[in-house]
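**Student:** One structure follows; several queries about it will come next.
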Amino acid sequence: MMDAGRHPNITLLTYSEVEQVSGYVGKFVARVRKRARSVNEEKCTGCGSCEEKCPRRIVDEQGFNVGLGKRKVIYRPFAQAVPAIPVIDRENCLFFTKGKCKLCETACPTGAIDYEQEDETLELEVGNIIVATGYDPFDARRLTAYGYGRYPNVFTSMEIERMLSGSGPTDGKIVLRDGETVPQSVAVIHCVGSRDENFNEYCSKVCCMVSLKQAHLVHSKTGARMYECFMDMRTGGKAYEEFYKRLQSEGVTFINGRPGEIQPEGDKLVVSVEDRALGRLMRLPVDMVILSIGLEARHDAREVAKLFGISCDEHGWLKEKHPKLDPVATMTGGVFIAGCCQGPRDIPDSVAQGSAAAARVLTFIRQGEIEGVAATALVDEMMCVGCTQCVQTCPYTAIEMVDNRGRQVARVNEALCQGCGTCAGTCPSKAITLRHFTDQQLVAEMVGAMNVMWELEEAEVVA
Amino acid sequence: MTERTYEPKIVGFLCNWCSYAGADLAGSARLKYPPNLKIVRVPCSGRVSPELILRTFKEGADGVMMLGCHIGDCHYNTGNHRTARRMPVLKKLLEFTGIEPERFLAKWVAASEGGLFVETVQEFTEMLRGLPPLSSRFNAPANPEAS
């Protein structure tokens, strides 16, 4: 991240949102809303004095620490965030809500705090776009049988991940919700929100390995007795299966079954699970439950997809051009996808896909020209009556109305046209033809097919 | 003439990306389907204008199939949305002209659905066998009693 931030050819626009994209490969124009941080980016040195002085601490459930611990109201999402420029959370800031405080302004040695700052809109001309918008974690509250949100000592794998971090909200200690008790027994539940017809049918792919890693780390930090309740252990990947074997020898108890429910009993949480290997219902009284939550498409994936001219599958994952042969390109030329926005994947896969997408973009830039589709649509402008039906039907917005000697007629942008021919099928005055699939060609082919069948029939009659 | 069993003549317009690939798959899986169908490949079901289908009936086809990608699967994102909106209107028009609307079949067949393609062709052919040949109507002299 630091390298990307420092690179002379890379401009990072964080805390910004793409609002509109127009144009085509080599010539996109993206309108980006750069939201107001209330901190002048040029003056800020990232010293952090403002954060120290800020008097208000709040719990941020959507934040980096997923609601564990508190953060200041002027904050950086996490210590290594790039760029290291803080942002004022205007909804909670004392100055913005009550009109007084301004302690950060006093603390800032460079006078970078700017309460008046407003959102900025940038128009960027870019040649290619890579969409890497990631995923949303499954909201474990939806699966009520496990009682996340009701039973304090049911945690999600995200929360454990933050607790395991040395610079995290608990300084790397694994503790129950009271903040001090170290658990003596922990159950990890796999496939929460994945491989479940009620929520998501697909396998989220990464959670098995996340669970194993967390079981290993929690065990080594607390010495707790570990139970893993899994449906199928999916450890495909380099050295993953070996890690699974190692955990078996470390004394983690693996139970092949999906827990039905979790009930509190005294201080304990009792996980009811049928062990498929034993064929027997088990009750596991544990101090802590870790729900290994699945991955879901971003809540706004469909809007993002629409913005960039990509399609989504039924779960909201962005769709690639070809699942096997072209997994980073999309149906829109010059728009690529990388990482979990396309579907659940782990870090090595995301890195590989990101590199692949970057390489594809570099190829375009190096070549300086692109291969077009030969079979594009062509408008006979003398015949066009300017009804604009083709403009409405074109899936690529490749047709625009232009002035031809005082008449509005349609014209096809051949860089954008992908040759589907929907316009040719629509045009009421037959002014549009699709190269290689003209009306004459299709009719000739159809008549040829009919002739064959007529001849066959006549031959049979004679026989 | 009447002793001979009637074999319907069918022309199918198949979209290149889904249905044509599905038909290909049926072929490579060695699945059998009636030889009554002759296929014309089009880039997208959206390319097929209603006129082309009417013209196919005029040339003597007993049935016309138009197969495209499932909605949401279109290679061109929304090409088949147009098809889906056009085809019900065409069916009404066929009814108006006196051609049974079931002689025209618009259906979604994906590239992975070789089996569905075969089933579709079999069912459509069977259904058409139950109808009289369409082409004879144009050639036969008008029934004097009916007029």
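These protein sequences, in sequence, are chains A and B. Quick note on the working numbering: the first sequence kicks off at 2 and runs consecutively. Quick note on the working numbering: the second sequence kicks off at 38 and runs consecutively. The beta-carbon is built from N, C-alpha and C at its ideal position, and this holds for glycine as well.
#1: Have a look at A/36, A/244, A/84, A/44 and flag the residue whose alpha-carbon is nearest the alpha-carbon of residue 4 of chain A.
#2: Please classify residue 50 of chain B: is it buried, with 16 or more other beta-carbons within 10 angstroms of its beta-carbon, or exposed?
#3: Report yes if the C-beta distance between residue 74 of chain B and residue 158 of chain B is below 7 Å; otherwise report no.
#4: Quick one, which of A/227, A/10, A/118, A/195 has its alpha-carbon nearest residue 235 of chain A's?
#5: Would you grab the beta carbon distance between residue 336 of chain A and residue 355 of chain A for me? Rounded to a whole angstrom, and I think it's under 8 Å.
#6: The ligand MG and residue 79 of chain B: does any heavy atom of the ligand fall closer than 6 Å to the residue's C-beta?
#7: Any C-beta of chain B within less than 7 Å: which residues of the segment 408-430 of chain A qualify?
#8: What residues from chain B crowd round residue 448 of chain A, counting only those whose CB sits closer than 7 Å?
#9: By the 10 Å Cβ neighbour count, where 16 or more other Cβ atoms means buried, how is residue 112 of chain B classified, buried or exposed?
#10: Are the C-beta atoms of residue 396 of chain A and some chain B residue less than 7 Å apart?
#11: Ends of the alpha helix (DSSP H) at residue 230 of chain A?
#12: Can you name the start and end residues of the alpha helix (DSSP H) that residue 7 of chain A belongs to?
#13: To the nearest angstrom, how far is the alpha carbon of residue 178 of chain B from that of residue 452 of chain A?
#14: Starting from residue 81 of chain A, follow the alpha helix (DSSP H) in both directions and report where the run begins and ends.
#15: Between residue 11 of chain A and the rest of its own chain, which residues show a CB-CB distance below 8 Å, the 5 nearest in sequence each way excluded?
#16: Buried or exposed: where does residue 191 of chain A fall if 16 or more other Cβ atoms within 10 Å of its Cβ makes it buried?
#17: Taking 8 Å as the threshold, find out whether the segment 96-110 of chain B comes into contact with the segment 79-87 of chain B through three or more Cβ pairs.
#18: In chain B, which residues lie with their C-beta within 8 Å of the C-beta of residue 465 of chain A?
#19: For residue 128 of chain B, go through chain A and note every residue whose CB falls closer than 8 Å to its CB, in chain order.
#20: Which whole runs of the beta strand (DSSP E) in the segment 80-153 of chain A are 3 residues long or more, in chain order?
#21: Can you tell me where the alpha helix (DSSP H) with residue 25 of chain A in it begins and where it stops?
#22: From A/40, A/228, A/55, A/67, pick the residue whose C-alpha is nearest to that of residue 87 of chain A; which is it?
#23: Determine, for residue 326 of chain A, whether the minimum Cβ-Cβ distance to residues of chain B falls below 7 Å.
#24: Are the segment 206-221 of chain A and the segment 281-295 of chain A in contact at 8 Å, needing three or more beta carbon pairs?
#25: Give the residues from the segment 56-70 of chain B that approach chain A closer than 7 Å (Cβ to any Cβ), ordered along the chain.
#26: What did DSSP end up calling residue 253 of chain A once you bin it into helix, strand or coil?
#27: Does the segment 235-253 of chain A touch the segment 114-129 of chain A, meaning 3 or more C-beta pairs lie closer than 8 Å?
#28: Which same chain residues end up closer than 8 Å to residue 155 of chain B when comparing Cβ atoms and leaving out the 5 residues on each side of it in sequence?
#29: Which residue or residues does DSSP assign as beta-bridge partners of residue 49 of chain A?
#30: Do residue 289 of chain A and residue 154 of chain A have their CB atoms nearer than 7 Å?
#31: Taking 7 Å as the threshold (C-beta atoms), are residue 74 of chain A and residue 55 of chain A in contact?
#32: Going by the DSSP bridge assignment, what does residue 270 of chain A pair with across the sheet?
#33: Determine the direct distance from the alpha carbon of residue 149 of chain B to that of residue 109 of chain B, and round the result to whole angstroms.
#34: Just to check my reading of the structure: residue 32 of chain A and residue 122 of chain A have Cβ atoms closer than 8 Å, yes? What is that Cβ distance to the nearest angstrom?
#35: Comparing the C-beta of residue 312 of chain A with each C-beta of chain B, is any distance below 7 Å?
#36: For the alpha helix (DSSP H) containing residue 62 of chain B, name the first residue and the last one.
**Tutor:** So, from the listed chains and residues:
#1: A/84
#2: buried
#3: Yes, Cβ-Cβ distance for residue 74 of chain B and residue 158 of chain B is below 7 Å.
#4: A/195
#5: That belief does not hold up - the Cβ atoms of residue 336 of chain A and residue 355 of chain A are roughly 15 Å apart, past 8 Å.
#6: This structure lacks the ligand MG; in fact it carries no ligand of any kind.
#7: 419, 420, 421, 422, 423, 425, 426, 427
#8: What residue 448 of chain A touches in chain B: 96.
#9: buried
#10: yes
#11: Unbroken run through residue 230 of chain A is the beta strand (DSSP E), 226-231; no alpha helix (DSSP H).
#12: 3-7
#13: For residue 178 of chain B, the predicted structure reports a pLDDT of 45, less than 50, and the residue's modelled location is therefore unreliable. A value from the coordinates is still provided. Inter-residue distance for residue 178 of chain B and residue 452 of chain A is about 23 Å (C-alpha atoms, whole angstroms).
#14: Premise fails: residue 81 of chain A is in no alpha helix (DSSP H) and is neither H nor E.
#15: 5
#16: buried
#17: yes
#18: Residue 465 of chain A lies beyond the residue range present for chain A, which begins at 2 and ends at 464; the question has no answer from this structure.
#19: The premise fails here: residue 128 of chain B is roughly 16 Å from chain A at the closest Cβ pair, so nothing lies under 8 Å.
#20: Fully enclosed beta strand (DSSP E) runs of no fewer than 3 residues occupy 121-127, 130-132, 136-138 of the segment 80-153 of chain A, in order along the chain.
#21: Here residue 25 of chain A belongs to no alpha helix (DSSP H); instead the beta strand (DSSP E) covers 17-25.
#22: A/40
#23: no
#24: Taking a cut-off of 8 Å for Cβ pairs, the segment 206-221 of chain A and the segment 281-295 of chain A touch, as three or more such pairs fall below it.
#25: none
#26: Here residue 253 of chain A sits in coil by DSSP.
#27: no
#28: 63, 68, 69, 70
#29: Bridge partners of residue 49 of chain A: none, in fact.
#30: In this structure, the beta-carbon distance from residue 289 of chain A to residue 154 of chain A falls below 7 Å.
#31: With contacts defined as CB atoms closer than 7 Å, residue 55 of chain A and residue 74 of chain A qualify as a contacting pair.
#32: Residue pairing of residue 270 of chain A in beta bridges, as defined by DSSP: A/265, A/287.
#33: 15 Å
#34: Residue 32 of chain A to residue 122 of chain A, Cβ: 6 Å. Contact.
#35: yes
#36: 56-65
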